[in-house]
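Just below is one structure, and these are the notes that go with it.
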RNA sequence: GGACCUGUGGUGCAGCUCGGAGUGCACGCCGCCCUGUCAAGGCGGAGGUCGCGGGUUCAAAUCCCGUCAGGUCCGCCA
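Residue numbers (the numbering used here): 149 to 719.
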């Protein structure tokens, strides 16, 4: 139907007759005998010179046959890849007429996302969406190649799985053949892939769709895509190397530059220095611990187990209302307040300045090599809270836009095994209950469980958590000690994970794995703040698909088959 | 479940504080003119439930209450 793509036409083809197909991106009218058409296909646009009587308008689908010609002198368009040539003596065949689209596809105006999503099929015709989705395809292809090259075998796992009421809320699928019983859509192929290890697929991967019925965010959709992998007879370091190879290959494919090796820090270091387990390393602003200097302070606001400080470069110019707003933010995160100290020519400017003794003043003024014009923010509280509050402020005040700055990858290792206590007084697993504790901490499971580190690790890029993984427990004795710590009885464990634990009795190899979000990775590669920009058909924050209208009612027949009745609201 | 922001011809915005005729800008659309444009240009034109409902008022896009939709965030996401 066509010979080549619009943007592939160049000077070397001058004189030849070619046929292209595409959409009319723009028509420029010059009277009865001359009009210019920009014809667009997936490659770009080429200009066709046609008679003014040719009746095609924006977004008509056309097939144009014309002679490749150099443009007359002085009419070359340097801003266009094909700006030196045009198609002349054109025959225009209208393959499909088109109504004017509900919004312009030329990026001249911003478009409300509501409108874009309602007409997503038009939105993805736009150059930016074409670029983003093709970037995503290139990343997928690279990831597959990298995993294949490392000896991994792609295995598909079921979308219809058994309910495992643990972790994220699952999407439920009613069974027609077994009315009253349900499948769930997997929040991840976690158990399936561990069973693959028992099954002897010692290097598994999959580009897997995962589904979680939790509230949506800029970086979270109901359904998202992960590069999921698992391997047997490997250490944590092996897994990190497999993943790094795939991610760095993808980065190279996406950006043209292969990043250096991925550094790492422990979870405890990340919390201490950055106040978060997903630090954005594109900028410095490291938290400082002033607890020692304020151990015996007279300043009431600072009489707390921990005093943490954050220097904000240039922050001395913050207005009082800006500081009030930061204080409110700190309070909403659980802090009792936020102390601030402007570093000025004349010393420290702060409501608290007159309460500080000489040594304390000196310490404040030296935080993170503070300079005149900076501001130092302090939170005094329990250690973890102080870190997290300042970590959040650090991100809010320091993080550049997604599209800016280098790509700074970092491994976060040695996550705690347990975090907090649930309503029933049981410890909660920080990762999941099959995570192997750190070998040095096995003795602490029963004595000091909150100190137990795990062999769980995250990959973080520019403040985004890309993914996480762990070495799994393959020994029944350790598993039962973890279940015990979590308050999961033998019966309960059997009920929830019986088929996994049962399978492990038949020879479970030591294994470990990882999964990372491709949506997030591609969004960062594309410089997008929102993963919807790299997903063809995303849902809104309230879980609606504005194009299809989903979710929707089903027919009475469908309900009858499934024996489903909708209860009245509030019942 | 909660907080905040947004909603005005097809699209993007201004108008809203301080109520006074649907007023304006850019793009698009339709018609006419135009033989070298490429953000083409010129002339003319059509196009509105100011998200929806209620209230205050002589009078509401504008003030108040409620509600819906979209967004950002908190909770949630083992």
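From the three backbone atoms N, C-alpha and C, an ideal C-beta is built for every residue, glycine too.
Tell me, to the nearest whole angstrom, how far the beta carbon of residue i is from that of residue j; I am working on the premise that it is less than 8 Å.
i: residue 192; j: residue 238; result: Actually they do not touch by this definition, with Cβ atoms about 18 Å apart.
i: residue 492; j: residue 520; result: 6 Å
i: residue 601; j: residue 589; result: 5 Å
i: residue 263; j: residue 210; result: At roughly 26 Å, the Cβ-Cβ gap does not stay under 8 Å, so residue 263 and residue 210 are not in contact.
i: residue 355; j: residue 291; result: 7 Å
i: residue 422; j: residue 510; result: 25 Å between Cβ atoms; not a contact.
i: residue 176; j: residue 183; result: 7 Å
From the DSSP secondary-structure annotation, give me the bridge partner or partners of residue i.
i: residue 619; result: 660
i: residue 372; result: 358
i: residue 171; result: 188 and 209
i: residue 413; result: 560
i: residue 214; result: 166
i: residue 608; result: 558 and 613
i: residue 379; result: 351 and 660
i: residue 437; result: 456
i: residue 183; result: 177 and 198
i: residue 602; result: 585
i: residue 302; result: 353
i: residue 159; result: DSSP output for residue 159 lists no bridge partner at all.
i: residue 365; result: 368
Using the Cα positions of residue i and residue j, report the straight-line distance between them to the nearest angstrom.
i: residue 219; j: residue 170; result: 21 Å
i: residue 563; j: residue 712; result: 43 Å
i: residue 390; j: residue 475; result: 43 Å
i: residue 164; j: residue 197; result: 15 Å
i: residue 504; j: residue 613; result: 39 Å
i: residue 577; j: residue 594; result: 14 Å
i: residue 606; j: residue 413; result: 10 Å
i: residue 670; j: residue 498; result: 44 Å
i: residue 185; j: residue 396; result: 42 Å
i: residue 429; j: residue 636; result: 38 Å
i: residue 301; j: residue 402; result: 24 Å
i: residue 287; j: residue 559; result: 20 Å
i: residue 661; j: residue 250; result: 46 Å
i: residue 353; j: residue 710; result: 34 Å
i: residue 425; j: residue 539; result: 9 Å
i: residue 295; j: residue 379; result: 11 Å
i: residue 312; j: residue 340; result: 12 Å
i: residue 675; j: residue 549; result: 8 Å
i: residue 331; j: residue 319; result: 9 Å
i: residue 581; j: residue 649; result: 12 Å
i: residue 447; j: residue 462; result: 26 Å
i: residue 151; j: residue 203; result: 23 Å
i: residue 258; j: residue 544; result: 26 Å
i: residue 641; j: residue 314; result: 11 Å
i: residue 383; j: residue 342; result: 15 Å
i: residue 234; j: residue 274; result: 22 Å
i: residue 643; j: residue 310; result: 12 Å
Which first and last residues belong to the beta strand (DSSP E) in which residue i is found?
i: residue 235; result: 233-244
i: residue 195; result: 192-198
i: residue 457; result: 454-460
i: residue 567; result: 566-569
i: residue 286; result: Counting along the chain, residue 286 falls outside any beta strand (DSSP E), though it belongs to the alpha helix (DSSP H) covering 275-297.
i: residue 575; result: 575-577
At what residues does the alpha helix (DSSP H) containing residue i begin and finish?
i: residue 672; result: 666-674
i: residue 634; result: 624-634
i: residue 400; result: 384-403
i: residue 648; result: 638-652
i: residue 725; result: This structure cannot settle anything about residue 725, because the visible part of the chain is limited to 149 through 719.
i: residue 681; result: That residue, residue 681, is in no alpha helix (DSSP H); it is neither H nor E in DSSP.
i: residue 135; result: A query on residue 135 cannot be resolved here, the shown segment of the chain reaching from 149 to 719 and no further.
i: residue 594; result: 592-595
i: residue 339; result: 338-346
Please give me, in chain order, every unbroken run of the alpha helix (DSSP H) with length at least 4 that falls completely inside the segment 308-332. The qualifying runs do not exist here; there are none.
Only counting runs of 3 or more residues, tell me where the beta strand (DSSP E) segments fall wholly within the segment 480-548, in order along the chain. List check, beta strand (DSSP E) in window: 487-492, 495-497 and 523-529.
Unbroken stretches of the alpha helix (DSSP H), 4 residues or longer, contained in the segment 245-271: Assignment of alpha helix (DSSP H) within the segment 245-271, counting only whole runs of 4 or more residues, yields 261-266 and 268-271 in chain order.
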